[in-house]
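Numbering (this note's numbering), first residue to last: 237 to 589.
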């Protein structure tokens with residue numbers, strides 16, 4: 237039941253029981269920093285009479301909205317994660333994500349349900365900077381991992397989500413002892429439903445967690461059946477290649493597909509190919525074109541300091557002729573969603589102005 241707290245659960249060194257959550261939540265809301273207030277409000281929702289909680293989506297593929305998740309489904313998710321990663325009562329965990337969104341909330345729920353000893357630090361881009369303790373389990377976004385490479389061996393198992401892990405970052409973690417997994421999931425699936433090992437035995441595709449099945453729809457988009465996490469089938473906009481009934485390769489977003497002269501281009505695949513010549517933030521997208529319908533363009537964050545960039549892109553052996561951007565634009569600062577993801581649509585709108 238979602239009102240049960242494992243007797244071994246500790247939060248910043250203190251043993252916590254269910255009856256303590258009300259007092260803790262009021263204290264966080266009244267006296268805490270903004271990131272603490274968000275967690276306090278979540279705990280108030282957790283102990284109220286409802287069997288669901290309101291959760292904000294990130295807005296990475298549309299306007300942010302509030303959806304309602306069953307508390308028991310969140311507990312089920314925690315148990316599935318614990319089973320997959322072999323987490324045991326008394327092991328240590330680090331929470332370094334904000335409590336506003338599902339990823340931060342679920343680190344708390346996992347610890348509470350599985351009996352982990354959870355340390356909570358202010359969310360920042362350098363979460364391990366002043367920490368000396370080692371941890372069995374942690375969740376980060378790619379930027380946090382990028383800025384923690386010198387200390388990442390303090391974490392035994394790390395899951396990374398919120399945005400795709402770049403090819404360049406994957407190259408930097410290959411000599412790390414930490415077992416690092418890229419995750420696939422969304423608010424509706426209560427964080428990850430599939431993971432992919434990206435070092436120490438790299439995997440080529442995502443593997444679903446226990447009791448989750450997958451299929452494709454007529455658009456080749458992933459459909460998720462996870463009855464322990466959601467009462468309905470979840471139809472995504474993620475174009476995938478099914479490798480087995482438990483494995484898939486993520487190819488890109490259906491809503492990002494560019495139709496250029498009758499050829500369908502997947503921006504995410506082109507972006508992976510461009511990673512060898514670009515070290516700034518960038519993305520490709522399509523804009524209206526009288527001849528092609530849409531033409532492919534490249535947007536790069538920052539200033540144009542590489543006069544040979546266009547030629548080096550044209551000579552990339554991995555790029556097909558139709559995958560070479562027709563134009564390159566430099567943008568001082570990309571527009572971001574509330575939790576730091578690049579908003580392709582709003583950034584493009586700034587260019588089109």
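All residues carry an ideal CB built from backbone N, CA and C; glycine is no exception.
- Secondary structure of residue 317 (DSSP, three-state): helix.
- Excluding residues up to 5 positions away in sequence, 506 lie with their Cβ nearer than 6 Å to the Cβ of residue 559 in the same chain.
- Between residue 414 and residue 396 the beta-carbon gap is near 10 Å, outside 8 Å, which marks them as no contact.
- Counting every other CB atom within 10 Å of its CB across the protein chains shown gives residue 403 a total below 16, marking it as exposed.
- Burial of residue 312 is indicated by the presence of at least 16 other C-beta atoms within 10 angstroms of its C-beta.
- The alpha-carbon separation between residue 422 and residue 493 amounts to approximately 20 Å.
- Relative to the Cα of residue 587, the nearest Cα in the group 468, 520, 516, 481 belongs to 520.
- With a cutoff of 7 Å on beta-carbon distance, residue 354 and residue 247 are scored as near each other.
- CA-to-CA, the gap between residue 262 and residue 272 works out to about 11 Å.
- Per DSSP, reduced to three states, the secondary structure at residue 245 is coil, with no helix or strand assignment.
- In summary, residue 581 is exposed, with fewer than 16 beta-carbon neighbours lying within 10 Å of its beta-carbon over all protein chains present.
- Per DSSP, residue 561 lies in no beta strand (DSSP E) segment and is marked neither H nor E.
- DSSP lists 499 as the beta-bridge partner residues of residue 496.
- Two segments are said to touch when three or more pairs of C-beta atoms, one from each, lie closer than 8 Å; by this definition the stretch 340-353 does not touch the stretch 383-391.
- Under DSSP, no beta-bridge partner is assigned to residue 425.
- Counting of Cβ neighbours within 10 angstroms places residue 307 among the buried residues, the total reaching 16 or more.
- A contact between stretches requires three or more CB pairs, one per stretch, nearer than 8 Å, and the stretch 352-371 meets this requirement with the stretch 318-329.
- Beta-bridge analysis with DSSP links residue 518 to 536.
- Annotation for residue 457: 471, 472, 473, 474, 475, 476, 490 place their beta carbon closer than 8 Å to its own, counting only its chain and skipping 5 residues before and after.
- It is roughly 13 Å from the alpha-carbon of residue 495 to the alpha-carbon of residue 526.
- According to DSSP, residue pairing for residue 419 in a beta bridge involves 431.
- Here the alpha carbon of residue 466 sits roughly 8 Å from the alpha carbon of residue 424.
- Bounds of the beta strand (DSSP E) holding residue 484 are 483-489.
- Under the DSSP assignment, residue 259 falls in the alpha helix (DSSP H) whose first and last residues are 257-267.
- The DSSP assignment places 378-382 as complete runs of the alpha helix (DSSP H) inside the stretch 357-397, in order along the chain (cut-off: 4 residues).
- A distance below 7 Å between beta-carbons, with the five flanking residues on each side excluded, links residue 305 to the following residues of its chain, in chain order: 288, 289, 291, 426.
- When rounded, the separation of the alpha-carbon atoms in residue 450 and residue 256 is 40 Å.
- Residue environment analysis places residue 322 among the exposed positions, since fewer than 16 neighbouring C-beta atoms fall within 10 angstroms of its C-beta.
- Taking C-beta atoms under 8 Å as the contact rule, residue 332 and residue 374 qualify, at a distance of about 7 Å.
- The alpha-carbon of residue 543 is positioned some 52 Å away from that of residue 265.
- Counting along the chain, residue 444 sits inside the beta strand (DSSP E) bounded by residues 442-444.
- In the DSSP annotation of this structure, residue 344 is not part of any beta strand (DSSP E); the continuous alpha helix (DSSP H) holding it starts and ends at 338-350.
- A distance below 7 Å between beta-carbons, with the five flanking residues on each side excluded, links residue 452 to the following residues of its chain, in chain order: 458, 459, 476, 478.
- Here residue 435 really is in contact with residue 409; their C-beta atoms are around 5 Å apart, less than 8 Å.
- For residue 288, the uninterrupted beta strand (DSSP E) segment begins and ends at 288-292.
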